[in-house]
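Okay, so here's the structure we're looking at.
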Amino acid sequence: MAVTVDSTASKASKEASPTESDSPTTTAIDLGLERLEEEQEDVENLKRRANTEEDSLVDQRPTKKRRRVVFECADIVEFEPTVYTTSVTSGGVPVGLSLNERSRSRRRLDSYEMERESEGRVGRQNYMEEGYLDPQEREIILNNAGCEEPAIASVEAEVNTIIQHRRESNEIDYEFMYNVGELEDEDDVEEENAPTTMVFEQDDGSAEEEGESEEEQENSMEEEVADVDEVPSEDCSVDPEQEQERYQEAEAKTKLRRATYVKVQDLTPGSQGHNLVLQVVSIAATVEKKRYDGSISRIAESVLADETGYVTFTARNDQIDMLKEGLVVVVRNSNADIFNGFMRLNVTQWGKLSLHPDGVESTPPAPPSVNSDNNISAIEYELVTVDDPDE
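Written as structure tokens, this is what we have:
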């Protein structure tokens, strides 16, 4: 009697549909795909092994640490180097020597100082005063570091000042160490005490006479000081008449030259220092211009004339408020400038514009009439280069 036991695998095979059953064609395709996947995995494993081997070799090699050396101007102004030149270095490397150049040369750091001493350059004996670097070497280092001429000049000036200060301090130290200053002071004291000792060596009578003369001198000095210090107790106020007399005397001593006045027809282009008395004929509209600092400047052109002609005057700011048609003004220390080829009269900060009469005796009277035919500002001028006959 046979007993059949259905396993889970047999049940699954029975329940499976005929489409899902294995066939010769499907098994062949599945086998081919599995082989391709295995080959790809093998290639990837080989690549991973190669990479890990390379990484292990890299880890075994000694790592070379490289660092950048930054050169500064402050590193060059050094006056107390050690045996290994650490005080004139930037990051342990001498100034001007990069890390690549140092590794290529394979030199000891103290060899640079030995070379300085052997070649007769700045050595141990005079580095306190002259510095550790030569001026030419310092300039080369700064040029290699990319510094410009102003930076090089400032470093050189700083070095020179430090050298001067160190020389002065060394002189003071030398005098203190060898007592040079104290000896000089003692000599001076002996010279000062010499006349007093001579007095005591003389007879008593002569000494008394000198003592009396000294007392007389002191008394005379006290009397002079008392005379100077005496102040009138009753009247301390200043008399105005005396002050006026003093002012007149001072004015008489310093005589001022009378101002010379010219007419409009006498003005020439590019001339300065003209004094004129003119009448205001007309005033143009005021133009406002903004300056670079934000302030506003007012400019207005006006026509000023006398009996010989009329000229265009450029008024600025407060001068505009002073000009009104028909008024007579006094122009002092004015300039006849050329603007766009035409003459303009200007009064700068060194001149003065005031109304007539201004209370000065030398100021001439107002012009009797106005000449409107001669306009000197209508003449156009051209700048021409003139050859020097001496050349």
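Per our numbering, residue 403 is the first one in the sequence shown, and the count goes up by one each step. Glycine is no exception: its CB is placed at the ideal position from the N, C-alpha and C atoms.
- Message: Along the chain, where does the beta strand (DSSP E) containing glutamine 674 start, and where does it finish?
- Response: Counted as a single uninterrupted DSSP element, the beta strand (DSSP E) harbouring glutamine 674 occupies residues 673-685.
- Task: Go through its chain and collect everything with a Cβ distance to asparagine 719's Cβ below 7 Å, but skip five positions before and after it.
- Result: Taken in chain order, the residues that qualify are Ser699, Arg700.
- Item | With 16 other Cβ atoms within 10 Å as the buried cut-off, status of leucine 678 | buried
- Message: Judging by CA-CA distance, which residue of Glu551, His758, Gly711, Ala717 is the nearest neighbour of isoleucine 778?
- Response: Gly711
- Task: Take valine 772 and list the residues in its own chain whose beta-carbon comes closer than 8 Å to its own, dropping the five residues that flank it on each side.
- Result: Counting only Cβ-Cβ distances below 8 Å, and skipping sequence neighbours, we find Gln681, Val683, Ala707, Asp708, Glu709, Tyr712.
- Put aspartate 720 into one of helix, strand or coil per three-state DSSP. Of the three classes helix, strand and coil, the one that applies to aspartate 720 here is helix, per DSSP.
- Message: Please state the DSSP three-state secondary structure of alanine 707.
- Response: strand
- Message: Let me check one thing: in DSSP terms, what residues is glutamate 350 bridge-paired to?
- Response: There is no way to answer for residue 350, as the model of the chain reaches only from 403 to 793.
- Item | Helix, strand or coil at glutamate 690 according to DSSP, with G and I counted as helix | strand
- Task: Inspect the beta-carbon positions of threonine 716 and asparagine 737 and report whether they are closer than 8 Å.
- Result: Against a cut-off of 8 Å, the Cβ pair of asparagine 737 and threonine 716 comes out as no contact.
- Query: If we count the other Cβ atoms within 10 Å of its Cβ and call it buried at 16 or more, is leucine 544 buried or exposed?
  - Reply: buried
- Tell me whether arginine 660 is buried or exposed, calling it buried when 16 or more other Cβ atoms sit within 10 Å of its Cβ. exposed
- When the Cα of glutamine 538 is compared with those of Gly548, Glu558, Ala553, Pro552, which residue comes out closest? Glu558
- Item | For alanine 555, three-class secondary structure by DSSP | helix
- Task: For the beta strand (DSSP E) containing leucine 725, list its first residue and its last residue.
- Result: Element bounds for leucine 725: n/a, residue is neither H nor E.
- Between the CA atoms of leucine 448 and glutamine 442 - distance to the nearest angstrom: Straight across, the Cα-Cα distance linking glutamine 442 with leucine 448 is about 10 Å.
- Message: Between Arg569, Val689, Ile781, which has its C-alpha nearest alanine 702's C-alpha?
- Response: Checked all of Arg569, Val689, Ile781; the closest Cα to alanine 702 is Val689.
- Message: I believe isoleucine 740 touches glycine 672 by the beta-carbon criterion, under 8 Å. Please report the beta-carbon distance rounded to the nearest angstrom.
- Response: Cβ-Cβ separation between isoleucine 740 and glycine 672: approximately 7 Å, consistent with a contact (criterion under 8 Å).
- Given lysine 726, which residues of its chain have a CB within under 8 Å of its CB, disregarding the five upstream and five downstream residues? Val682, Ile685
- Task: Please state whether DSSP places asparagine 737 in a helix, a strand or coil.
- Result: strand
- By a C-beta neighbour count over all protein chains shown, 10 Å radius and 16 as the cutoff for buried, is leucine 757 buried or exposed? exposed
- If you draw a straight line from the C-alpha of tyrosine 649 to the C-alpha of valine 666, how long is it? 37 Å
- Message: Output needed for methionine 745: all residues of its chain with C-beta closer than 8 Å, excluding positions within five of it in sequence on either side, in chain order.
- Response: Leu669, Pro671, Val713, Thr714, Ala738, Asp739, Ile778, Ser779, Ile781, Tyr783
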